[in-house]
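Numbering (my numbering), first residue to last: 21 to 134. Glycine residues also receive a C-beta, built at the ideal position from the N, C-alpha and C atoms.
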């Protein structure tokens with residue numbers, strides 16, 4: 021990943037986070053977080069990885085975000101002074117869940133060794 025791509029990922033995470041915080045309403049008790057941004061080197065698309073608490077509401081959160089994607093993209097285009105602005109795509113983040121599972125397995129192994 022190039023320096024430019026890393027900077028764009030960081031900028032997108034910050035700016036899209038602000039837009040979502042200010043513009044998008046989620047059901048009460050739902051907390052959505054941008055965990056990672058992955059921009060293609062040719063700047064065509066950026067995948068925005070979303071996790072939420074409680075985890076069973078992730079599909080609802082993604083549905084809400086996808087229904088507002090054009091509005092979010094439009095606000096992002098206005099905020100950023102770059103061309104082209106990559107198309108944003110919201111994706112469910114699974115790495116945290118997988119990391120929790122691996123951590124649980126490691127804890128079980130430690131208990132078995134004792």
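Within the segment 46–115, note down every full beta strand (DSSP E) run reaching 3 residues or more, in order along the chain. 51–59, 65–73, 107–112
Is residue 19 near residue 110, with beta carbons less than 7 Å apart? Since the first and last residues shown for the chain are 21 and 134, residue 19 lies out of range.
Give me the residue from 40, 62, 27, 44 with the minimum Cα distance to residue 107. 62
Looking at residue 22: is its Cβ nearer than 7 Å to the Cβ of residue 59? no
Considering Cα atoms alone, identify which of 44, 34, 80, 27 is closest to residue 90. 44
What is the C-beta distance between residue 81 and residue 32, in whole angstroms, given that I count them as a contact (C-beta under 8 Å)? Incorrect: roughly 18 Å between the Cβ atoms, too far for contact.
Do residue 84 and residue 113 have their C-beta atoms closer together than 7 Å? no
I'd like the list of long-range same chain contacts for residue 74, defined as Cβ closer than 6 Å, with 5 residues on each side in sequence excluded. none
Enclosing alpha helix (DSSP H) for residue 25 [first to last residue]: 23–43
Would you mind working out which of 124, 29, 30, 36 sits nearest residue 98, comparing C-alpha positions? 36
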